[in-house]
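Student:
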Amino acid sequence: MSKRLPLSKKFSASLTEDAYDRLRALNETYHLSNNYLLTVLLENLDEIADEEKLAAVFERFIAEYGAPKGSMK
Numbered sequence: 128m129s130k131r132l133p134l135s136k137k138f139s140a141s142l143t144e145d146a147y148d149r150l151r152a153l154n155e156t157y158h159l160s161n162n163y164l165l166t167v168l169l170e171n172l173d174e175i176a177d178e179e180k181l182a183a184v185f186e187r188f189i190a191e192y193g194a195p196k197g198s199m200k
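The numbering of the sequence shown is my numbering, which starts it at 128 and goes up by one.
Here it is in structure tokens:
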């Protein structure tokens with residue numbers, strides 16, 4: 128019998144259509160809820176993402192859209 132991972136933090140998130148499509152595709156492959164998929168991705172980000180490429184992606188995003196006012200630091 129499998130055990131359940133307790134998810135203690137809740138938040139509201141909005142996604143682009145492309146991001147939501149990627150999340151749904153992961154759900155089709157792994158049959159996990161969006162909460163578990165995001166947990167696995169974020170908890171293992173250092174293992175699955177190249178640090179320099181990730182930094183470049185965030186820098187491009189910020190250059191195009193800026194950082195929202197009141198964003199966490």
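From the three backbone atoms N, C-alpha and C, an ideal C-beta is built for every residue, glycine too.
#1: What's the C-alpha gap between Leu165 and Glu179?
#2: Assuming Leu172 is part of the alpha helix (DSSP H), what are its boundary residues?
#3: Going by beta-carbon coordinates alone, are Arg150 and Asn161 separated by less than 7 Å?
#4: For the ligand FAD, is there a heavy atom less than 6 Å away from the beta-carbon of Gly197?
#5: Between the alpha carbons of Leu134 and Val167, how many angstroms are there, rounded?
Tutor: Answer, in terms of the structure:
#1: 21 Å
#2: Unbroken alpha helix (DSSP H) run through Leu172: 172-175.
#3: A small fix is needed here, since residue 150 is Leu in this sequence, not Arg. Closer than 7 Å, so yes.
#4: This structure lacks the ligand FAD, and indeed carries no ligand of any kind.
#5: 11 Å
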